[in-house]
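Chains as they are written, first to last, in the numbering used here: chain A, 41 to 391; chain B, 41 to 391; chain C, 41 to 391; chain D, 41 to 391.
We treat Cβ as the ideally placed atom computed from N, Cα and C, and that holds for glycine.
Computed from a predicted model, the values in this text were never measured in an experiment.
Down below is the structure, laid out as structure tokens.
There are 4 protein chains.
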Amino acid sequence: MASHDRVRAAVLGASGYSGIEAVRLLAGHPFVELVALTSEHYAGREVAEVYRHMTGIDLPPFEELRADLIRGRAEIVISCLPERVGAPILADLAQTGIKVIDVSADFRLKDPAAYRQTYGADHPAPALLKEAVYGLSEFHRRELREARIVANPGCYPTGALLGLLPLIRRDLIDPASIVIDAKSGTTGARRQAAVEQLFAEVNENFRPYKICNHRHTPEMEQEIGAALGREVAVMFVPHLLPVTRGILSSIFMRPRAGTTEQDVRDAFEASFAKSRFIRLLKPGELPELKNVRATNFCEIAFVLDRRTQTLCVLTAIDNLGKGAAGQAVQNLNLMLGYDEAAGLLAAAPVP
Amino acid sequence: MASHDRVRAAVLGASGYSGIEAVRLLAGHPFVELVALTSEHYAGREVAEVYRHMTGIDLPPFEELRADLIRGRAEIVISCLPERVGAPILADLAQTGIKVIDVSADFRLKDPAAYRQTYGADHPAPALLKEAVYGLSEFHRRELREARIVANPGCYPTGALLGLLPLIRRDLIDPASIVIDAKSGTTGARRQAAVEQLFAEVNENFRPYKICNHRHTPEMEQEIGAALGREVAVMFVPHLLPVTRGILSSIFMRPRAGTTEQDVRDAFEASFAKSRFIRLLKPGELPELKNVRATNFCEIAFVLDRRTQTLCVLTAIDNLGKGAAGQAVQNLNLMLGYDEAAGLLAAAPVP
Amino acid sequence: MASHDRVRAAVLGASGYSGIEAVRLLAGHPFVELVALTSEHYAGREVAEVYRHMTGIDLPPFEELRADLIRGRAEIVISCLPERVGAPILADLAQTGIKVIDVSADFRLKDPAAYRQTYGADHPAPALLKEAVYGLSEFHRRELREARIVANPGCYPTGALLGLLPLIRRDLIDPASIVIDAKSGTTGARRQAAVEQLFAEVNENFRPYKICNHRHTPEMEQEIGAALGREVAVMFVPHLLPVTRGILSSIFMRPRAGTTEQDVRDAFEASFAKSRFIRLLKPGELPELKNVRATNFCEIAFVLDRRTQTLCVLTAIDNLGKGAAGQAVQNLNLMLGYDEAAGLLAAAPVP
Amino acid sequence: MASHDRVRAAVLGASGYSGIEAVRLLAGHPFVELVALTSEHYAGREVAEVYRHMTGIDLPPFEELRADLIRGRAEIVISCLPERVGAPILADLAQTGIKVIDVSADFRLKDPAAYRQTYGADHPAPALLKEAVYGLSEFHRRELREARIVANPGCYPTGALLGLLPLIRRDLIDPASIVIDAKSGTTGARRQAAVEQLFAEVNENFRPYKICNHRHTPEMEQEIGAALGREVAVMFVPHLLPVTRGILSSIFMRPRAGTTEQDVRDAFEASFAKSRFIRLLKPGELPELKNVRATNFCEIAFVLDRRTQTLCVLTAIDNLGKGAAGQAVQNLNLMLGYDEAAGLLAAAPVP
């Protein structure tokens, strides 16, 4: 499987949900050779011992994370380490010329004060915050091609921003009116033991959580604000769905006076003209989680209700796909000048 | 089980999801004797042959629906017949002095024109529309005590109105700003074969449907409008959850300038002071479907977000409980002068 | 709710899955007053703060477990403490005249050596092992009426033994041929954080585990052996189902030459003639988890296949109901001379 | 996507669960060009209109099934038509030189009398029964390379036979003792409206069905009998799992006296030495559905219990993968001389 033509990549934190999804995607990638996989928990074990679905695929074993060992081997790393664990290591790697994609939240917030407020600690490498490119691929292709360090967006921000930024850019809506009602599968949380994530607690249940104090709110506001050129506040209400994968976001806002359905459609088409992973649905069609499961695709639809003067935009992504590992691979493709969709076009397994 | 002190009740359309739930509740009701159960599909069969969970409970067999046969036996009927099927029969029964609770939508819309527009046919008994009491128990106790015919509210309207009417009544919000994002389990649809309701279509999926054209929208608007004293339009976005029972509604609106959290809490407390089925949650608590499953309870919480000037009210009910059969039994209790909670206080089976 | 006619009961370990189910059942029991609920984790908190589905029910708060405090108040205890934690406390309580029902495994194995081998520690109160009555209610009614300490059966043994003992008693099968293929919902495991019980690990999955080395195997063998009058070995293969509650056991065995379907039916009817919780199904009917969910019922069916000379007996129970808390309440009823079914006859919520 | 080097393939009945899975697999196959997809229900519509997860893939539209139109275009067909619908068409196609893989049961039973008894009608093309090769790929590679018409095995028989045939071939077990306890996801049934397959009927439930009279029993017996050289009867108990995909089979049997674990392991290794889709697990590992979901893999493990002299073999497959469309593609590869694994090596999406 190894080849001199392939880029040598490492996945840090490779045994969590996002990490193993990155491994699955990269194992089937035509231009990538996986040279190192780290896992605090499973160091020393073969991947297929822990994750039998990877049996038969030529992979390095899980190993302890040591920056010096990564440096010698990898040209690019995708990091799925937890918040605050990865930042100093990634800063170190980036400074020695390794390209870095951080799937955690450590490089997303540009403002160290916002980081401190949101994550409760000083940022371990504030100098790099400015340099890091926010990796919402469809909106930052140019910067991503040059990036040394990429902050892969959060799963909720990805679902929300893909539905919002095209409208913000064309000034079709009132940014002060944005309400994001999002519903996520359970793999949005890390793969760690927690009573509230037990099957018997989640199954046959559905519940909102962290209304107005979820860590993804400042991230959304930063990016909407950047597109808008001024600060904005949005209301964000996440819910926990009894499914393994997927986020459906229903986003409500007031359209500017005179905004038509065609305006909205035009805005999406303009933003996503070259975007192979965005499915702008036809009128009458609505997004479904199953159509994007285990993929990097995003389904988008909208309903403009004249009676209530409300615009509802709906997006569906896989939180581990476009919301994490899929978008990380898309960003890797962009950073390395590959076809943006390389290794990412397999259809969802439906049903 | 039979007793001369018990009211003689019939359930029409007793073999569907709402119907059999009504049977389950009434079978354990201290003041009710079930004297007739009709089912087009299972007529002639014992209930326990079809629904083995009712084994050992003394019940009449399923029979064909014939109004003349019901008249002789029942003093009150709960009808779970489909829309348009039940109305003429119920009109007939009501006129011969039998108390009627219609769980379908036939008597909910006061305006025959609205009925025609929503259900695609002329109302079969328009004269009774005005008389029928809208059975949202917490808001119509007085009328329900005198009612001859009760229109049991739809499941989505129940979840939405319990969260909205207290605020409308105190004029705490702008009614033009209401957005209802609701998520329902699959038993909101009738128990009939349909590809889109197959397990493999619903499981591991989540999807919105009928945005802005769901039949429950005019019903909500009628009741909000009645409380408000003028017409109103709301945006209603229903979604299909991969759970069997339950509706969680996230309702967004703009508070009137100056509205405080205490105002909102006071409004709910005032509306629900005597309501044993409403759980107004403490600050920090949020509704969950599991806590109301198989019950007539409703959990309510709210978050007033000053940053975005948005009020989010959240309600959780069981669509077959408070959203259908449970509320029908509550209405039966009110109509007959029983304790409103008779037969309805069993705790949800959690987990 | 309290009454001088009611027995004063405590539930130890009341905040786990079995514990809170016992609380739910006893809260609706006509002859029981709950006077103490212990929980290591939630001591000091009101039940309804932790388990909101119990809101509105008059209950003592969770408290720390102290035997001296229980002694003064309770006449009977149901213990859902973990293995080895409860035994010394229960021994102490039993010796001071409090009736004890232990839902854990501490008093099930009669032989201290078997306990040591299975649970990896010496039994903390071996003297009581002989006295403890194995609480498979349908087979030990007489002893239960006199019992001071009852070992409530394990969930898997309950499902298996109800299908096997009637046949063993009539010598209709070859005990050396028994194979038990059982499938359990996730609440068979304790409510504690564990990666393998996370929703994303269990959902859309199904797997066997602990084949031939599950702790319930010696328990089944002890009871089959007791009925048989000699030692026996059975093959037991448990599987984990993606459901919250329920165990379906498919039990295979060779019938004795000449055994007829009528013999098998007669055996079940004889064993369960007075058993209100056993539903012996009609030919052609087969057990389903949904019909017993949240109840103390057990559905039983069998198929005698002449072509292969194999008898398949199938049983369905709720692992928290008849498999734990339900049977504990049934045993409480027997121990105190109440109607065996008191507080246990509510129908399953279907769907 | 089309190429002169690719074989031109058609999928008949392409819009059902097996059919669309075959389309998904063939759309990513390096040596296949899909030239025709038939669907009675969706004829005239683009695939991506009906199945949005296929958006962006170059596919012919669904069309009506007409043999003459297939003849002109396809060199090989995979038929997912229902039983008895496909047989005459496939017979016609096969006789004009088109290679045929029938995923339905029409060509599996060699004996027309057995077909009549099992499927309730005369076989429409009995002459071809003898010629058709039973497509359990791992056991018929040589015949498959020459085959004109292949009877793709049923999903349950695939799971059972992969666990049994290696042992039968080495005479390690008593064939008269075989019991197959199998559990299947809901896509084992066709994608057609049926009350018993509704989400609310299957979810949180588990049930056996068709014990000893499932149509797959004679198919298993035919193949075991063929390996054995004489007739055999097996006990087969299928169950319905609340999952979308997957079959786990627990197979019990008596080993011949003296059979060791090493004998069993050797038998599996010998049978599957060249089989890239069979994962013979290490001692202590057990099959799980999740590891084979959406793939053509089969996990196999066994436990030899000396205490009860019982051998339990466990296999896990995806019923739509190795149990239907995956194996059909594997057979296509064999029939056309391609790498047996072409297009089939993508790892399961876990979680």
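Count the other CB atoms within 10 Å of the CB of residue i; is the residue buried (16 or more) or exposed (fewer)?
{"i": "G363 of chain A", "result": "buried"}
{"i": "T299 of chain A", "result": "buried"}
{"i": "G112 of chain D", "result": "exposed"}
{"i": "D142 of chain B", "result": "buried"}
{"i": "H81 of chain B", "result": "exposed"}
{"i": "D221 of chain B", "result": "buried"}
{"i": "A157 of chain C", "result": "For the record, residue 157 of chain C in the displayed sequence is Gln; it is not Ala. Burial call: exposed."}
{"i": "V304 of chain A", "result": "buried"}
{"i": "R285 of chain D", "result": "buried"}
{"i": "R319 of chain A", "result": "buried"}
{"i": "H370 of chain C", "result": "Residue 370 of chain C is actually Gln in this sequence, not His. Flag for Q370 of chain C reads buried."}
{"i": "M41 of chain B", "result": "Since pLDDT at M41 of chain B reaches only 40, below the 50 mark, its modelled position is unreliable, and the value read off the structure follows with that caveat. With fewer than 16 other Cβ atoms within 10 Å, it is exposed."}
{"i": "Y57 of chain A", "result": "buried"}
{"i": "D310 of chain C", "result": "It should be pointed out that residue 310 of chain C corresponds to Ala in this sequence rather than to Asp. The residue is exposed, with fewer than 16 neighbouring Cβ atoms inside 10 Å."}
{"i": "P70 of chain C", "result": "exposed"}
Does any CB atom of chain F fall closer than 8 angstroms to the CB of residue i?
{"i": "F246 of chain B", "result": "Although the question refers to chain F, the structure presented lacks it and instead comprises the protein chains A, B, C and D."}
When you compare each of the options to residue i by their alpha carbons, which one comes out closest?
{"i": "R148 of chain C", "options": "C:E171, C:G160, C:I129 and C:Q135", "result": "C:E171"}
{"i": "P295 of chain C", "options": "C:L354, C:V369, C:I287 and C:A216", "result": "C:A216"}
{"i": "L372 of chain B", "options": "B:H256, B:T355, B:G84 and B:A187", "result": "B:A187"}
{"i": "P193 of chain C", "options": "C:E241, C:Q367 and C:Q232", "result": "C:Q367"}
{"i": "K322 of chain B", "options": "B:F308, B:F71 and B:L52", "result": "B:F308"}
{"i": "Q349 of chain C", "options": "C:L201, C:L212 and C:E241", "result": "C:L212"}
{"i": "L74 of chain A", "options": "A:E263, A:A50 and A:D132", "result": "A:A50"}
{"i": "R230 of chain B", "options": "B:E271, B:G377 and B:A145", "result": "B:A145"}
{"i": "I287 of chain D", "options": "C:E244, C:H163 and C:E236", "result": "C:E244"}
{"i": "P100 of chain D", "options": "D:N253, D:E115, D:V117 and D:T78", "result": "D:T78"}
{"i": "K314 of chain B", "options": "B:H256, B:A381 and B:P166", "result": "B:A381"}
{"i": "L385 of chain D", "options": "D:C338, D:P166 and D:E301", "result": "D:C338"}
{"i": "N359 of chain B", "options": "B:L329, B:Y378, B:D132 and B:R124", "result": "B:L329"}
{"i": "H256 of chain A", "options": "A:D379, A:L201 and A:L168", "result": "A:L201"}
{"i": "D162 of chain A", "options": "A:E123, A:G228, A:V272 and A:L376", "result": "A:E123"}
{"i": "V235 of chain A", "options": "B:D379, B:M275, B:Y155 and B:P391", "result": "B:P391"}
{"i": "E301 of chain C", "options": "C:V272, C:D214 and C:L351", "result": "C:L351"}
{"i": "A131 of chain B", "options": "B:P166, B:I357 and B:A83", "result": "B:P166"}
{"i": "R316 of chain C", "options": "C:K139, C:A134 and C:D379", "result": "C:D379"}
Practice problem: Give, in chain order, every unbroken run of the beta strand (DSSP E) that is at least 3 residues long and sits entirely within the stretch 167-224 of chain C. | Solution: Runs found: 189-191 and 219-224.
Problem set entry | Cβ-based contacts, 7 angstroms cut-off: residues of the stretch 283-315 of chain C near chain A | If the cut-off is 7 angstroms between Cβ atoms, the stretch 283-315 of chain C has T284 near chain A.
Counting Cβ pairs, one atom from each stretch, are 3 or more of them under 8 angstroms apart for the stretch 103-115 of chain D and the stretch 322-340 of chain D?
-> Contact fails: fewer than three Cβ-Cβ distances are below 8 angstroms.
* Any contact of the stretch 198-207 of chain B with the stretch 170-187 of chain B, i.e. 3+ C-beta pairs under 8 angstroms? -> Contact between the stretch 198-207 of chain B and the stretch 170-187 of chain B is present, because at least three Cβ pairs lie under 8 angstroms.
Practice task
Can you give me, in chain order, the residues of the stretch 70-93 of chain A that have a beta carbon less than 8 angstroms from any beta carbon in chain D?
Solution key: Of all residues in the stretch 70-93 of chain A, Y91, R92 and H93 have a Cβ within less than 8 angstroms of some Cβ in chain D.
### Task
Residues of the stretch 228-254 of chain B with a CB closer than 8 angstroms to any CB of chain D: list them in chain order, please.
Within the stretch 228-254 of chain B, the residues whose Cβ lies closer than 8 angstroms to some Cβ of chain D are R231, Q232, A233, A234, V235, Q237, L238, F239, A240, E241, V242, N243 and E244, listed in chain order.
Contact the stretch 264-280 of chain B vs the stretch 243-254 of chain B: 3+ CB pairs below 8 angstroms: Counting Cβ pairs under 8 angstroms, three or more are found: they touch.
| field | Any beta strand (DSSP E) of 3 or more consecutive residues that is wholly inside the stretch 248-329 of chain C | value | Runs of the beta strand (DSSP E) inside the stretch 248-329 of chain C: 275-280, 287-293 and 318-320.
| message | To test your reading of the DSSP string, which unbroken alpha helix (DSSP H) runs of 4 or more residues are found completely within the stretch 67-110 of chain A? | response | As far as the stretch 67-110 of chain A is concerned, its whole alpha helix (DSSP H) runs of at least 4 residues are 87-90.
Checklist entry - Between the stretch 89-103 of chain B and the stretch 50-66 of chain B, do three or more beta carbon pairs fall short of 8 angstroms? => result The count of Cβ pairs closer than 8 angstroms, one atom from the stretch 89-103 of chain B and one from the stretch 50-66 of chain B, reaches three, so the stretches are in contact.
At which residue ranges does the stretch 119-158 of chain C contain complete alpha helix (DSSP H) runs of 4 or more residues, listed in the order of the chain?
The stretch 119-158 of chain C contains these whole alpha helix (DSSP H) runs: 126-135.
Q) Of all the residues that make up the stretch 325-343 of chain B, which are near chain A by a beta-carbon distance shorter than 8 angstroms? A) Those residues of the stretch 325-343 of chain B placed with their C-beta closer than 8 angstroms to a C-beta in chain A are L326, P327, E328, L329, K330, R333 and V343, ordered along the chain.
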